[in-house]
Amino acid sequence: MSELRSYSYLGPAGTFTEAALGQVPAAQGQEWLPVANVTRALLNVSEHISDAAMIAIENSIDGGVSAAQDALAQISGLQILGEYLVPVRFALVTRPGAELSRVQTVAAHPVAYAQCRAWLESNLPGHRLIPATSNAQAAADLLASSAQIDAAIAPPNITCHFEVRVHNNNVGSNPDAQTRFCLVGRKQPVGAITGRDKTSLIVTLPEDRSGSLLTLLEQFAARGVNLTQIASRPTGEQMGNYRFFIDTEGHIREERVRHALIGLKMHSPEVVFLGSYPRADNMRVKSDPKYSDSAFCEASAWVEGLL
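Heads up: the sequence shown begins at 52 in our numbering, then just goes up one per residue.
Next comes the structure, spelled out in structure tokens:
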């Protein structure tokens with residue numbers, strides 16, 4: 052009998068991260084380890100406690116998840132293996148028998164709170180926020196014997212895990228909100244091209260000077276590589292020092308993407324390749340024929356002929 056594989060995720064049971072892990076066929080029937088934060092999830096992978104970790108990387112309302120970006124930049128030897136999309140809905144819950152009119156304190160994950168703030172301010176104008184480490188943990192904190200919390204923002208399916216009263220099953224401001232999750236493992240050979248791929252990178256600007264970011268972006272533009280996300284985070288070294296989290300269309304095995312990475316490495320010595328993997332939306336990548344693999348090969352052959 053083969054040994055079980057281990058997967059870490061932001062717990063406890065009932066989080067959106069657990070729902071994302073439920074989309075991974077290889078994870079079904081394996082060991083799932085709930086952890087308190089994204090850094091611990093990735094450290095479990097780095098320290099060989101887990102084979103992979105599911106982490107939230109981007110929200111359609113709030114953008115990139117800074118804690119995940121910082122952890123990926125600080126923990127080496129990791130690679131994104133795939134991405135998954137989870138629709139995001141939020142419920143307001145209390146202890147059984149509690150009345151909404153008596154709610155004064157609300158536990159919520161900060162990202163969830165930002166998406167539910169309008170409803171809360173309209174219906175509970177005097178409430179006070181108690182930050183929670185996850186949406187499911189907010190419900191768990193609500194039921195703790197020492198809880199100083201009257202209500203919690205939690206996933207709609209939270210009643211499958213905790214005995215709570217649901218007052219409203221959709222308190223979020225955007226019914227179309229989604230969160231993008233990434234399954235992260237240790238470094239390994241990249242998979243084959245699917246034609247529906249994405250490549251993720253971390254690039255640190257070598258110096259703070261005029262045009263430095265433009266030079267970075269030109270590496271993609273000159274080779275017809277479209278960016279799907281670019282986000283900046285401070286390196287923490289000194290004011291003005293930033294690293295950039297970049298998602299591009301395409302696969303590192305494609306000539307245009309490979310040449311763009313070569314250009315990046317020449318521009319900045321600090322380039323971290325986070326992986327090439329299939330897109331969660333399964334959309335086929337469309338590129339100009341002049342940037343096709345055959346076009347690059349023909350151009351290289353022409354130069355060789357000159358030599």
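Yeah, the Cβ is synthetic: ideal placement off N, Cα and C, and Gly gets one too. Bear in mind that the values here come from a model prediction, so they are computed numbers and not experimental data.
Kindly indicate the opening and closing residues of the beta strand (DSSP E) around residue i.
i, result
"Gly133", "Leu129 to Pro138"
"Tyr164", "Not the beta strand (DSSP E): Tyr164 falls in the alpha helix (DSSP H), residues Pro161 to Asn174."
"Gln280", "Leu278 to Pro285"
"Glu69", "First-last for Glu69: Phe67 to Leu72, but that is the alpha helix (DSSP H), not the beta strand (DSSP E)."
"Phe347", "Premise fails: Phe347 lies in the alpha helix (DSSP H), Asp344 to Leu357, not in any beta strand (DSSP E)."
"Ala103", "Ala103 to Asn110"
"Ser327", "Val322 to Pro329"
"Ser59", "Ser57 to Leu61"
"Ile100", "Ile100 -> no beta strand (DSSP E), and no H or E assigned at all."
"Val144", "Ala142 to Thr145"
"Val86", "Glu82 to Val86"
"Leu180", "Arg179 to Pro182"
Using the C-alpha atoms, what's the distance from residue j back to residue i?
i, j, result
"Gln125", "Ile204", "30 Å"
"Thr279", "Ser185", "27 Å"
"Glu54", "Pro206", "32 Å"
"Ile253", "Asp227", "28 Å"
"Tyr164", "Glu355", "59 Å"
"Val322", "Ile100", "27 Å"
"Val116", "Phe296", "11 Å"
"Ala87", "Gly62", "6 Å"
"Asp344", "Ser173", "55 Å"
"Gly177", "Glu258", "47 Å"
"Leu234", "Ile131", "6 Å"
"Ala198", "Asp192", "6 Å"
"Asn110", "Leu129", "21 Å"
"Phe232", "Leu357", "48 Å"
"Thr266", "His318", "8 Å"
"Phe347", "Gln270", "15 Å"
"Phe67", "Tyr60", "10 Å"
"Glu69", "Gly148", "28 Å"
"Cys211", "Ser251", "35 Å"
"Ala118", "Glu150", "35 Å"
"Ile108", "Ala122", "11 Å"
"Leu171", "Lys316", "47 Å"
"Ile244", "Ala350", "22 Å"
"Glu214", "Trp83", "23 Å"
"Asn333", "Arg153", "46 Å"
"Met290", "Ile281", "20 Å"
"Pro76", "Arg56", "12 Å"
"Glu98", "Gln229", "30 Å"
"Phe324", "Val241", "11 Å"
"Ala195", "Pro320", "49 Å"
Which residues bound the alpha helix (DSSP H) around residue i?
i, result
"Ser91", "First, the amino acid is wrong: residue 91 is Arg here, not Ser. Note, Arg91: alpha helix (DSSP H), Val89 to Ser97."
"Ala191", "Asn186 to Leu194"
"Ser117", "Ser117 to Gln125"
By Cβ distance, which residues of its chain are closer than 6 Å to residue i, with the 5 residues on each side in sequence left out?
i, result
"Ile181", "Thr156, Ala158 and Ile200"
"Pro78", "The amino acid at residue 78 is misidentified as Pro; the sequence shows Ala. Cβ neighbours of Ala78 beyond the five flanking positions: Tyr58 and Leu72."
"Gln120", "Arg284 and Phe296"
"Gly246", "Arg335"
"Arg179", "Thr156"
"Lys238", "Gly128 and Gln130"
"Ala187", "Pro63, Gly65 and Thr66"
"Thr299", "Thr250, Val276 and Leu278"
"Leu175", "Val154"
"Thr145", "Ala202 and Arg216"
Residues in the same chain with beta-carbon distance under 7 Å from residue i, minus the five sequence neighbours each way, listed in chain order, please.
i, result
"Asp248", "Gly301, His302, Ser327, Tyr328, Pro329, Arg330 and Val336"
"Gln74", "Tyr135"
"Asp113", "Val162 and Ala165"
"Pro85", "Tyr60, Gly62, Pro63 and Ala64"
"Ala103", "Tyr58, Val96, Leu132, Leu234, Val235 and Gly236"
"Tyr293", "Leu256, Ser283, Arg284, Pro285 and Thr286"
"Ala189", "Ala158, Ala159, His160, Ala183, Ala203, Ile204 and Ala205"
"Ala169", "Ser224"
"Gly314", "Gln270"
"Asn208", "Gly65"
Who are the Cβ neighbours of residue i in its own chain at under 8 Å, not counting the five residues just before and after it?
i, result
"Cys167", "Phe141, Leu143, Ala159, Ile204, Val222, Gly223 and Ser224"
Report yes or no: is there a C-beta of chain B within less than 8 Å of the C-beta of residue i?
i, result
"Phe67", "Of the protein chains in the structure, only one exists, and it is not chain B."
What I want to know is whether the C-beta of residue i ends up closer than 7 Å to one or more non-hydrogen atoms of the ligand NAP.
i, result
"Ala183", "Inclusion of the ligand NAP in the displayed structure is not the case, the ligand content being empty and no account of it being possible."
With a cut-off of 8 Å, do at least 3 Cβ pairs link the stretch 264-282 to the stretch 301-310? yes
Segments assigned alpha helix (DSSP H), at least 4 residues, entirely inside the stretch 211-272: 263-272
Could you tell me whether the stretch 131-151 touches the stretch 86-93, where touching means 3 or more Cβ pairs closer than 8 Å? Contact fails: fewer than three Cβ-Cβ distances are below 8 Å.
May I ask you to verify whether the stretch 332-349 touches the stretch 254-263, counting CB pairs closer than 8 Å and requiring at least 3? no
Check whether the stretch 204-224 touches the stretch 296-306, counting contact only when three or more Cβ pairs, one atom from each stretch, lie closer than 8 Å. no
Starting from the N-terminal side, write out each stretch of the beta strand (DSSP E) that is 3 residues or longer and does not extend beyond the stretch 289-315. 293-300
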